[in-house]
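Q:
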Amino acid sequence: MSSQKTALIIGASRGLGFGLVERLLEDGWDVVATVRDPAKAGNLTALGKVRVETLEMNSGTQLDTLQQRLHGQTFDLLFVNAGVMGPRDQNAEHAQLADVGDLFMTNAVSPIRVAQRFAAQLNDSGVLAFMSSILGSIAIPDGSEMCLYKASKAALNSMINSFVTLNQPQQTVLAMHPGWVKTDMGGENAEIDVLTSTRGMLEQIKANAGKGGLHFINYKGDSLIW
8 MSSQKTALII GASRGLGFGL VERLLEDGWD VVATVRDPAK AGNLTALGKV
58 RVETLEMNSG TQLDTLQQRL HGQTFDLLFV NAGVMGPRDQ NAEHAQLADV
108 GDLFMTNAVS PIRVAQRFAA QLNDSGVLAF MSSILGSIAI PDGSEMCLYK
158 ASKAALNSMI NSFVTLNQPQ QTVLAMHPGW VKTDMGGENA EIDVLTSTRG
208 MLEQIKANAG KGGLHFINYK GDSLIW
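Residue 8 is where the sequence shown starts when you use our numbering, and the numbers rise one by one after that.
(1) Looking at the strands, I want to know which residues DSSP matches up with Phe223.
(2) Contact check, Gly143 vs Asn164 under 8 angstroms by CB: the rounded distance?
(3) Three-state secondary structure (DSSP) at Asn238?
(4) Starting from the C-beta of Gln11, find all residues in its chain whose C-beta is less than 7 angstroms away, skip the five residues before and the five after it, and write them out in chain order.
(5) Taking the C-alpha atoms as reference points, what is the distance between Ala48 and Val201?
(6) In the DSSP assignment, find the alpha helix (DSSP H) that holds Ala161 and state where it starts and stops.
(7) Which ranges would you report for the alpha helix (DSSP H) in the segment 66-119 if only whole runs of at least 4 residues count?
(8) Select from Glu195, Leu181, Thr190 the residue whose C-alpha is nearest the C-alpha of Leu209.
(9) Considering only their Cβ atoms, is the gap separating Ser159 from Asn225 smaller than 8 angstroms?
(10) Going by DSSP, what residue range makes up the beta strand (DSSP E) through Arg21?
(11) Taking the alpha carbon of Lys218 as the point to measure from, which residue in His101, Ala102, Leu135 has its own alpha carbon closest?
(12) Which residues in the same chain have their Cβ closer than 7 angstroms to the Cβ of Met8, if we skip the five residues on either side of it in sequence?
(13) Taking all protein chains shown into account, do 16 or more other C-beta atoms lie within 10 angstroms of the C-beta of Arg76, making it buried, or fewer, making it exposed?
(14) Just list the residues that DSSP pairs Leu15 with in beta bridges.
(15) Shortest alpha-carbon distance to Glu152 belongs to which of Arg95, Ile232, Thr72?
(16) On the DSSP letters alone, give me the boundaries of the beta strand (DSSP E) that Thr61 sits inside.
(17) Measuring only the C-alpha atoms, how far is Pro185 from Val171?
(18) Alpha carbon to alpha carbon, what distance is there between Ala146 and Trp233?
(19) Evaluate Lys189 with the Cβ neighbour count: other Cβ atoms within 10 Å of its Cβ, from every protein chain shown; 16 or more gives buried, anything less gives exposed.
(20) Within its chain, find whatever has a CB closer than 8 angstroms to the CB of Leu70; leave out the 5 residues flanking it on each side and keep chain order.
(21) Which residues share a DSSP beta bridge with Leu54?
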């Protein structure tokens with residue numbers, strides 16, 4: 008039986024998704040990575056041993072196509088990383104239906120649609136991971152100026168909880184807070200770099216493989232309150 012590990016990373020063109028692909032390759036994994044725009048996948052293909060697939064996560068048609076293309080393949084890790092910040096002005100007074108709909112679809116609903124299609128292709132000791140955020144914690148008041156984004160991550164955590172309860176109670180599922188990271192979303196004033204975050208997240212993925220259950224943790228492995 009092959010000991011070669013394989014990962015499916017959803018949303019890998021830049022930032023934390025790209026960093027995760029780098030760490031996995033350094034650790035000897037095979038990687039399938041999705042991007043919304045294949046024209047912007049040059050940095051991924053330059054890494055070498057990466058199978059790049061196209062996926063707009065909100066498109067059921069594209070999810071169908073990817074499911075067909077990956078039919079029969081098994082994975083040791085499915086990491087759903089894709090997400091958006093939402094409108095620049097997050098005051099509820101100014102919120103527009105289309106913007107809020109897109110934000111919640113992308114950050115909370117579509118990640119579960121991905122999981123519903125691919126979680127069954129994880130090996131027995133495989134890990135299903137979602138890029139959550141400490142801002143998704145109802146109990147922690149940080150990030151109020153990003154209230155719509157914060158609400159979308161709380162919704163993601165709730166959707167993950169429902170998904171696990173309904174579908175995968177035995178599977179190892181991680182809702183991961185990557186830290187405050189220097190990315191396009193995190194900004195240059197953030198506390199840590201992509202290398203530190205993704206190195207930590209991969210350590211936690213490996214440490215939790217085969218444990219079972221749902222865990223809301225950060226990149227250091229600390230448990231977070233829902």
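All residues carry an ideal CB built from backbone N, CA and C; glycine is no exception. Bear in mind the structure is a predicted one, so any value in this text is a computation, not a measurement.
A: Put simply:
(1) Ala182
(2) 5 angstroms
(3) No information on residue 238 is available, as it lies outside the stretch 8 to 233 that the chain covers here.
(4) Asp37
(5) 18 angstroms
(6) 154-173
(7) 67-76, 104-111
(8) Leu181
(9) no
(10) Arg21 -> no beta strand (DSSP E), and no H or E assigned at all.
(11) Leu135
(12) Here Met8 scores only 43 on pLDDT, less than 50, and its place in the model should not be relied on; the value that follows carries that caveat. So no residue of the chain qualifies.
(13) exposed
(14) Val39, Leu85
(15) Arg95
(16) 57-61
(17) 21 angstroms
(18) 7 angstroms
(19) buried
(20) Leu62, Met64, Arg120, Val121, Arg124
(21) Note: Leu54 sits in no beta bridge, so no partner.
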